[in-house]
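A quick write-up on the structure given underneath.
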Amino acid sequence: MPNLGKLLDFSTRLHRENSQPVSSDVFCSNLDPGLIDHILGKDDAILMKDAMNIITDSSQSLENRKIAFENLEMVIHLENMNMWEPLIQQLSSSESIIRMYAASVCGTAVQNNIDSQKCFLNNGGLEKVLSLFNSDDNPDVRLKSFYAIASEVRNNYAALQEFCRLDGWAIIVKYLKDDNYSTIQRKILFFIWSLLLQDIGVELVIDSIKHNQLQKNLVYIMQRKEIQENAFEETLKCISLLYEKSSSIFDINELMYIKNVIKSIREREDFEIISKDDINEISMQFGITE
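The opening residue of the sequence shown carries number -13 in our numbering; numbering runs sequentially from there.
Below you can see the structure in the form of structure tokens.
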């Protein structure tokens, strides 16, 4: 940290009254660059380069690299700095914490950012995080990888097409079929619901759901106790929106089961798992008036 005396001296020089005018070139040439950085803060571009240098330096401690990731995430403009390639390379790190932070930064960078989404896609980022989501041993890495996937695919038709080409829906179904409930399942349900709400790509989403028989899995998981306790509202809202977009997607038996579940909630007045207003609206949609 710069010497306190230097800081005071610099402050005095800035505010000295009745001093003779001094050339700005002369004045600035006498200043310590480290002191300027400390007072004014480094430019974002410099901060990003410094952070990436630490992140990609395997001789740095994991703690230093972790802090560098956190700093990078706060000032992230990767598309202008040619940093996508080194960042995506960190998704292959042997250290799970590095893979996790890399996926997290990717997710933050592409969220609602068209330029970043294009760069991430063009650099093979979506394929890499899909691979991590599908098979990484660390649950935190898988969770952050899905964050990056969802941030990239939402409102991005090119990424949605690539997600389909890479069999992303099959991975989604695999997670929903897992009888061991996890936070990822709830996030997946919200992801499906958000894709169905979009203005673009809804037909592709519905076709992919049909092809992977995801609608059958949605009906199936409604029966699971852990889903009923943790993600029932998300599941039923997904089913409701899917039915609104494609009324023929569920077969007769599936529709009968859905309606029986809705009737049961109304009869029990079980409005802790889903609000009364929501269940009434969904009831009308499925023709349940009693």
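Beta carbons: idealized from backbone N, C-alpha and C, even for Gly.
Per the Cβ contact rule, the region 186 to 196 is not in contact with the region 211 to 221 (fewer than 3 Cβ pairs under 8 Å). Under the criterion of beta carbons closer than 8 Å, GLN171 and GLU138 do not qualify as touching, at roughly 20 Å. Our two residues, VAL91 and PRO72, have alpha carbons roughly 12 Å apart in a direct line. In chain order, LEU33, ALA37 place their CB closer than 7 Å to the CB of ASN57, counting only its own chain and leaving out the 5 sequence neighbours on each side. When the beta-carbon positions are compared, ASN198 and VAL247 stay at least 9 Å from each other.
Residue state for GLU255 is assigned as coil, using DSSP reduced to three classes. If only uninterrupted alpha helix (DSSP H) runs of at least 4 residues are considered, those enclosed by the region 188 to 255 are 188 to 197, 200 to 207, 211 to 216, 218 to 231, 238 to 254.
Taking one beta carbon from each stretch, the region 82 to 96 and the region 112 to 129 have 3 or more pairs nearer than 8 Å; the two touch.
Straight across, the Cα-Cα distance linking LEU146 with ARG140 is about 7 Å.
Every alpha helix (DSSP H) stretch that sits fully inside the region 82 to 147 and reaches 4 residues is listed by chain position as 82 to 96, 100 to 108, 111 to 121, 125 to 139. The DSSP-derived three-state label of ASN68 is coil. ARG252 is not a Cβ neighbour of SER234, given a cutoff of 9 Å.
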